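For reference, the structure is listed below as structure tokens.
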Ligand SMILES: CCCCCCCCCCCCCC(=O)SCCNC(=O)CCNC(=O)[C@H](O)C(C)(C)COP(=O)(O)OP(=O)(O)OC[C@H]1O[C@@H](n2cnc3c(N)ncnc32)[C@H](O)[C@@H]1OP(=O)(O)O
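Numbering (UniProt numbering), first residue to last: 1 to 250.
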């Protein structure tokens, strides 16, 4: 129990017992840490939203040339403070939780990524179901999505399906069939399921449709995913440091 302050009136003096506040200190610290983490993730998403807006406007604007130059200068100025503290490429972002599946800057699903639509994926009875809307920045043929973007979305979907089936792996093969062009600025629906598991090799299939017409397949894909052997995982990812791993001390 705390009995008072030391002579300097600063540090609490204890007789070895803990006050209720002290008992709960680790839990309180954890709560503050969680609050801090959630706040940071919110801020990252907010910045991601702003960046996506910027990308969309930047790729559709017909503002005067001088305005483009002024905008470029202002954006460089806004970016500078962010560039003052950047992580090493072998250190995971502090806001990520790799094992919990949180990747804030994933270029397909990450709400913090300017490159991500972002695609939102959830599991529904073993089926991966994704939704997104592609902005004009993803244009390939005029008014339609770039084919590489559809492949990227489907790769993520198939990988997610392998993950929820308990067989996460790396893509070694991705076949895409483009049946109809994918419209921009239109809510899309993607689905994927695992078809076959053969040792370390998982085959998954998926499709991309509009949300309004889920029976008309625009793009279909089949992917093969390989679960890494321990030695391969060490070789490829052994140097990656996760600073957000919960400590044993709690
Ligand atoms: C809730 C859970 C949610 C989870 C969410 C997670 C979402 C994440 C979604 C992320 C989604 C995005 C994900 C991404 O973006 S992953 C990023 C893109 N992919 C890569 O960079 C992978 C590059 N490839 C490699 O590094 C190697 O190939 C690896 C290490 C994978 C395998 O090493 P290696 O090549 O030396 O092979 P092996 O000796 O281990 O043997 C492996 C077995 O595999 C067979 N094989 C090999 N290649 C092919 C092929 N092309 N078709 C068919 N089969 C193939 C091979 O014959 C053998 O079979 P068997 O002879 O044993 O029968």
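For every residue, glycine included, the Cβ atom is placed at its ideal position computed from N, Cα and C.
No experiment lies behind these values; they were computed from the predicted model shown.
- Taking the CA atoms as reference points, residue 137 sits about 11 Å from residue 149.
- Set against 7 Å, the gap from the CB of residue 168 to the closest heavy atom of ligand 1 is smaller.
- Minimum Cα-Cα distance from residue 142 among the listed residues 72, 60 and 33 corresponds to 60.
- Following the DSSP letters along the chain, one finds residue 155 inside the alpha helix (DSSP H) bounded by residues 147-164.
- For the pair residue 139 and residue 188, the CB atoms are not nearer than the 8 Å cut-off.
- By the Cβ criterion, the region 72-89 is not in contact with the region 115-127, since fewer than three pairs of Cβ atoms, one from each stretch, lie closer than 8 Å.
- Residue pairing for residue 104: DSSP places it in no beta bridge.
- Residue burial annotation: residue 103 is buried, with at least 16 other C-beta atoms found within 10 angstroms of its C-beta.
- Judged by DSSP in its simplified three-state form, residue 129 adopts strand.
- Of the residues assessed, residue 232 falls on the exposed side of the cut-off, its CB having fewer than 16 other CB atoms within 10 angstroms.
- Residue 200 sits in coil when the DSSP states are folded into three classes, being neither helix nor strand.
- The beta-carbon separation of residue 167 and residue 227, rounded to 6 Å, stays under the 8 Å limit for a contact.
- By the beta-carbon neighbour count (other beta carbons within 10 angstroms, threshold 16), residue 52 is buried.
- When the five nearest sequence neighbours on each side are left out, the beta carbons in the same chain lying within less than 6 Å of the beta carbon of residue 107 are those of 113, 115 and 116, in order along the chain.
- CA-CA distance, residue 130 to residue 220, rounds to 14 Å.
- Taking the Cα positions, residue 176 is about 48 Å away from residue 29.
- DSSP lists no bridge partner for residue 32.
- Remark: the C-beta of residue 155 is in contact range of ligand 1, defined as less than 7 Å to any heavy atom.
- The three-state reading of DSSP puts residue 89 in coil, since its state is none of H, G, I, E or B.
- In terms of CA proximity to residue 180, 217 leads the group 207, 169, 217 and 164.
- Residue 191 counts as buried, since no fewer than 16 other beta carbons sit within 10 angstroms of its beta carbon.
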